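Heads up, the final residue of the sequence shown is numbered 346 in this note's numbering, and it's a clean run with no missing numbers.
Yeah, the Cβ is synthetic: ideal placement off N, Cα and C, and Gly gets one too.
The model shown is predicted, which means the values in this text are computed figures rather than measured ones.
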Amino acid sequence: PYELVAVAGGWQHRTKKVFGDAIHAAFGTAAGEGAKELSQAEALVLMCIAYFQPITRGELSSFFGKEVSRDLIGVLRAEQLVASGPRSPQPGAPYTYVTTKTFLSQFGLDTLRQLPDFEALEDAGLLSKEKLLDHPRVCRYRR
204 PYELVAVAGG WQHRTKKVFG DAIHAAFGTA AGEGAKELSQ AEALVLMCIA
254 YFQPITRGEL SSFFGKEVSR DLIGVLRAEQ LVASGPRSPQ PGAPYTYVTT
304 KTFLSQFGLD TLRQLPDFEA LEDAGLLSKE KLLDHPRVCR YRR
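Structure representation (structure tokens):
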């Protein structure tokens, strides 16, 4: 009932998805229980960090056209989805943010190269800054 999965530059021993319902029934838990929900703002900031890392909080604020709070970054850091990157060469040497191995693991990625191509998504009309800022959905990931 197990499989080895290449994730985040390493390997994880996971239960096969086909056994998920049986495991939840045996332990009396609901499917998706224990999943952490990110707010729309948290999901969008995480997406920007993933695609444009290393990126400063100021650059994130410029992208969104409004201030990205330290608290929002703090939530992503507390969930170990982002970490401090190298200091920026800009005046004042602000911190940059990068995604972590936990991010890769939670989203089932081995490397960031497995993210969908941002430009291809834009060209296909599936992604744009305007659509990102107006999208009402909440992103879910497994803890």
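- Under a 10 Å Cβ-count criterion, Ala246 is classified as buried, with 16 or more other Cβ atoms of the shown protein chains found around its own Cβ.
- Counted as a single uninterrupted DSSP element, the alpha helix (DSSP H) harbouring Leu263 occupies residues 260-267.
- A check of alpha carbon separations from His216 across Cys251, Tyr300, Tyr205, Gln309 identifies Tyr205 as the nearest.
- Using a Cβ distance threshold of 8 Å, Ala286 and Val271 do not count as a contacting pair.
- Per DSSP, reduced to three states, the secondary structure at Glu245 is helical.
- In the DSSP assignment, Ala296 falls outside any beta strand (DSSP E), carrying neither H nor E.
- For Pro292, the closest C-alpha among the options Gly311, Glu262, Glu240, Phe222 is that of Glu262.
- A distance below 8 Å between beta-carbons, with the five flanking residues on each side excluded, links Asp313 to the following residues of its chain, in chain order: Ala209, Val210, Ala211, Gly212, Leu307.
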